[in-house]
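Reading the sequence shown from the start, the letters are residues 5 to 605 in the numbering used here. Cβ coordinates follow ideal geometry from the N, Cα and C atoms, glycine included. Nothing here was measured: the structure is a model prediction, and the numbers come from that model.
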Amino acid sequence: MIKQKRYLITTYDENTWKFDRPAIFLGEWCRLYNRKHIWKNMDVIVSEPYGLEHSKRDSDFSKTILLENKLFPEFIQLLNNNLGKQYSERFWMIILGPWFKFIIKDLFYRINSVNECLASHEISGTTIYDCEKYLLTPDTWDKAVDIDQDIWKSNLIYASILNLLKNKNFHTELIPLKINDIYQGPFSVAKKIEKKSFYKNFLKIGLKIYNKLSNTFVGNNDAFIINTFLPTKEEAKLELALGQFPQFWKYKWSKYNQPELVKKLPDKLLRESLKKQFSIKCYDNVENTMRQLFFELLPTCYLEGFEDLYNIVKKQPWPKSPKFIFTSNNFYFDEIFKLYAALNVEAGSKYYVGQHGGNYGTQRHKSPRTEEVTSDKFITWGWTDGMPQHKPAFILKNAGKKKLNFNPLGNLLLIEHGYTKSDATYDKKFFFIQYLNNQQKFINHLDKKPRKKLIVRLFNIHYQNKELHEESRWFDFDPNIKIDKGISKIDTLISKSRLVVHSYDSTGILETLSDNIPTLAFWGPEVALVDSAKPYYQLLIDAGIVHLSAKSVADKINEIWDDIDSWWKQSNVQDARLKFCNRYAKKSQKPITELKQILLS
5 MIKQKRYLIT TYDENTWKFD RPAIFLGEWC RLYNRKHIWK NMDVIVSEPY GLEHSKRDSD
65 FSKTILLENK LFPEFIQLLN NNLGKQYSER FWMIILGPWF KFIIKDLFYR INSVNECLAS
125 HEISGTTIYD CEKYLLTPDT WDKAVDIDQD IWKSNLIYAS ILNLLKNKNF HTELIPLKIN
185 DIYQGPFSVA KKIEKKSFYK NFLKIGLKIY NKLSNTFVGN NDAFIINTFL PTKEEAKLEL
245 ALGQFPQFWK YKWSKYNQPE LVKKLPDKLL RESLKKQFSI KCYDNVENTM RQLFFELLPT
305 CYLEGFEDLY NIVKKQPWPK SPKFIFTSNN FYFDEIFKLY AALNVEAGSK YYVGQHGGNY
365 GTQRHKSPRT EEVTSDKFIT WGWTDGMPQH KPAFILKNAG KKKLNFNPLG NLLLIEHGYT
425 KSDATYDKKF FFIQYLNNQQ KFINHLDKKP RKKLIVRLFN IHYQNKELHE ESRWFDFDPN
485 IKIDKGISKI DTLISKSRLV VHSYDSTGIL ETLSDNIPTL AFWGPEVALV DSAKPYYQLL
545 IDAGIVHLSA KSVADKINEI WDDIDSWWKQ SNVQDARLKF CNRYAKKSQK PITELKQILL
605 S
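Here it is as structure tokens:
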């Protein structure tokens with residue numbers, strides 16, 4: 005049987021679609037939920053999702069680690085040569101590591117999904133935007149990670165991949181890219197203008213005065229402590245315990261008052277030269293294609309704007325030679341902080357990182373992360389897993405805080421995950437749509453009483469991936485379900501609930517379990533645990549806290565709804581909770597004393 009030829013669609017922009025012939029969507033991201041009245045009437049199929057099976061994910065993850073280890077030393081040597089420097093691999097890993105790991109996995113997925121589609125289907129053609137390829141180059145890493153929000157960028161990446169693959173034998177149609185599409189985008193959102201109360205304005209003025217005063221007490225050798233995840237009061241106590249004046253750097257260095265990086269246009273000749281040096285011929289077309297694309301996708305702040313970034317760092321009123329640097333947050337997107345940390349690490353300062361939420365030490369395809377590898381000490385919430393950097397501590401977020409409360413006669417709170425592109429070798433969008441469908445299956449299995457008390461907490465609406473249209477999906481499913489858009493304080497929602505259900509392996513599970521809040525959780529095959537974590541999760545499964553299907557967790561709620569307290573206080577349930585928390589969600593009676601000892605030992 006001759007395969008039917010289909011027109012390849014790589015984006016949800018309908019200007020790139022063909023309605024008069026058979027077509028194939030490269031993935032679920034091409035068909036928006038609110039446009040189903042359009043694509044349902046087309047002769048179109050969706051290409052098979054790439055890389056979902058556990059064995060395939062394990063194999064692909066291993067391949068990306070090998071690629072990272074092979075390509076990173078070559079890549080940074082080119083950067084060093086360009087700068088006339090000899091910065092260490094650790095220096096560049098602190099700065100580039102999050103971007104590099106992301107782009108390896110992102111390109112690995114894109115290239116392999118295209119390869120599989122072309123191998124399984126006859127393609128008649130595709131449409132791409134006609135524009136300069138270096139429009140792909142972002143200013144900073146945080147803009148690179150959201151590349152799928154700019155549909156034209158995603159389309160151009162797929163176009164570049166198709167042009168580099170040898171098995172492309174179909175016509176490419178070019179369409180103009182409008183300037184408005186570049187600078188506005190389909191989901192541009194105006195900045196929220198926050199009306200500040202008199203109290204907040206007064207507080208802001210007071211903080212400004214304090215900041216000016218405290219800057220005079222910054223010592224050159226002070227520890228630089230910023231965004232540790234400790235509550236503000238505890239962070240101040242930590243600085244006092246270390247014998248230094250509390251600086252509250254997390255307020256001085258919020259996203260609202262960071263200096264803007266100087267935006268530099270990509271130097272096309274320089275990037276072409278570096279690309280030629282980085283591109284070599286090998287038998288693996290995935291690696292070859294990656295090598296061709298890396299310098300097109302490298303943010304300008306790491307190349308053309310590096311000197312400007314360096315000058316910004318030198319102007320900061322931070323300790324010039326800190327005895328150590330400690331953060332639990334700024335290691336990821338904060339380009340100025342990362343260069344400051346890298347420069348001081350090169351000069352001999354110690355670099356300490358605290359655990360940033362859940363999934364550390366448990367998720368197989370995320371371990372170890374850049375911050376674990378690059379830090380001198382990685383301060384965990386209780387666990388260790390074979391790395392000398394791992395130093396077990398406690399949940400930093402809960403230090404010194406009052407225990408969360410709940411209402412034994414309150415609501416049923418379902419806390420949902422939000423779609424994040426993240427660094428994955430498989431089709432995360434397909435998994436996420438399955439995940440959303442699974443939430444609705446869960447609700448359909450609930451009895452009338454718990455369903456009536458249900459509140460669905462969405463991921464924060466300001467950070468949602470807009471193309472998923474989650475609110476519309478829920479309204480179409482059941483217009484009577486109460487929806488929280490992720491704006492309300494989570495502590496307030498928990499205090500009004502008798503039972504909290506987490507539908508993904510989250511930081512929230514660690515927090516509610518550690519505070520002894522009645523908790524249930526469920527998820528599907530998207531969760532892949534490291535071997536050392538499996539016995540601890542099995543304890544929760546055996547106790548009926550964690551479930552592996554929507555029906556199972558709904559059945560549990562129906563069973564215990566009228567007397568959750570009796571179930572939650574059962575010895576086997578509490579024993580499982582305590583053993584799990586002692587490993588992954590410890591609490592400390594003397595958090596500052598314990599943390600000071602870790603930092604100074």
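Burial state of residue i (16 or more Cβ within 10 Å)
i	result
residue 575	exposed
residue 309	buried
residue 597	exposed
residue 351	exposed
residue 221	exposed
residue 192	At residue 192, the pLDDT of 36 sits below 50, so the modelled position is not reliable; the number obtained from the coordinates is stated separately. That one is exposed.
residue 11	buried
residue 286	exposed
residue 393	buried
residue 123	exposed
residue 44	exposed
residue 578	exposed
residue 127	buried
residue 603	buried
residue 188	Only weak support is given to the placement of residue 188: the predicted model assigns it a pLDDT of 41, under 50, and the value that follows is read from those uncertain coordinates. Counting Cβ neighbours within 10 Å, residue 188 comes out exposed, since fewer than 16 surround it.
residue 288	exposed
residue 340	buried
residue 209	exposed
residue 88	exposed
residue 284	exposed
residue 311	exposed
residue 251	buried
Span of the alpha helix (DSSP H) around residue i
i	result
residue 321	Counting along the chain, residue 321 falls outside any alpha helix (DSSP H), and DSSP gives it neither H nor E.
residue 541	538-546
residue 255	253-256
residue 18	Note, residue 18: premise wrong, no alpha helix (DSSP H); not H, not E.
Residue i in three-state terms, based on DSSP
i	result
residue 592	coil
residue 266	coil
residue 621	Only positions 5 to 605 of the chain appear in the structure, and residue 621 is not among them; the question remains open.
residue 449	coil
residue 604	helix
residue 287	coil
residue 373	coil
residue 189	The pLDDT assigned to residue 189 is 40, lower than 50, so where the model puts this residue is not dependable, and the model offers no usable value.
residue 41	helix
residue 149	helix
residue 72	helix
residue 454	helix
residue 226	coil
residue 597	helix
residue 7	coil
residue 511	helix
residue 306	helix
residue 60	helix
residue 197	Note that residue 197 scores a pLDDT of 40, beneath 50, so its modelled location is shaky; the value from the coordinates is reported in the next line. In the structure shown, residue 197 sits in coil (DSSP, three-state: anything other than H, G, I, E or B).
residue 128	strand
Proximity test, residue i beta-carbon vs the ligand MG heavy atom, cut-off 7 angstroms
i	result
residue 372	This structure lacks the ligand MG; in fact it carries no ligand of any kind.
Where the beta strand (DSSP E) through residue i begins and ends
i	result
residue 27	27-29
residue 176	175-180
residue 241	Element bounds for residue 241: not the beta strand (DSSP E) but the alpha helix (DSSP H), 236-245.
residue 525	523-526
residue 358	354-358
residue 50	48-50
residue 395	394-396
Opposing strand residues paired with residue i [DSSP bridges]
i	result
residue 99	DSSP, once it has assigned bridges, lists no residue as partnering residue 99.
residue 645	Since the first residue shown for the chain is 5 and the last is 605, residue 645 is missing from the structure and cannot be characterised.
residue 550	525
residue 486	459
residue 301	Per DSSP, none; premise fails for residue 301.
residue 330	229 and 356
Residue-level contact to chain B via CB, residue i, 8 angstroms cutoff
i	result
residue 546	Here chain B cannot be found, since the structure has a single protein chain.
Check your understanding: Do the segment 360-367 and the segment 73-82 touch if we need at least three Cβ pairs shorter than 8 angstroms?
Key -> no
Review point. Is it true that the segment 509-516 meets the segment 483-491, where meeting means three or more beta-carbon pairs spaced less than 8 angstroms apart?
Key: no
Check your understanding: Does the segment 97-108 come close enough to the segment 365-385 that 3 or more CB-CB pairs lie under 8 angstroms?
Key -> yes
Check your understanding: Does the segment 261-271 come within contact of the segment 429-448, defined as at least 3 CB pairs closer than 8 angstroms?
Key -> no
Check your understanding: Counting Cβ pairs, one atom from each stretch, are 3 or more of them under 8 angstroms apart for the segment 108-115 and the segment 382-390?
Key -> no
Check your understanding: So does the segment 222-238 actually touch the segment 403-423, counting three or more Cβ pairs closer than 8 angstroms?
Key -> yes
Check your understanding: Okay, do the segment 137-151 and the segment 24-35 touch, 3+ Cβ pairs below 8 angstroms being the bar?
Key -> no
Practice item. Count the CB pairs spanning the segment 212-232 and the segment 154-170 that are closer than 8 angstroms, and state whether there are at least three. Key: no
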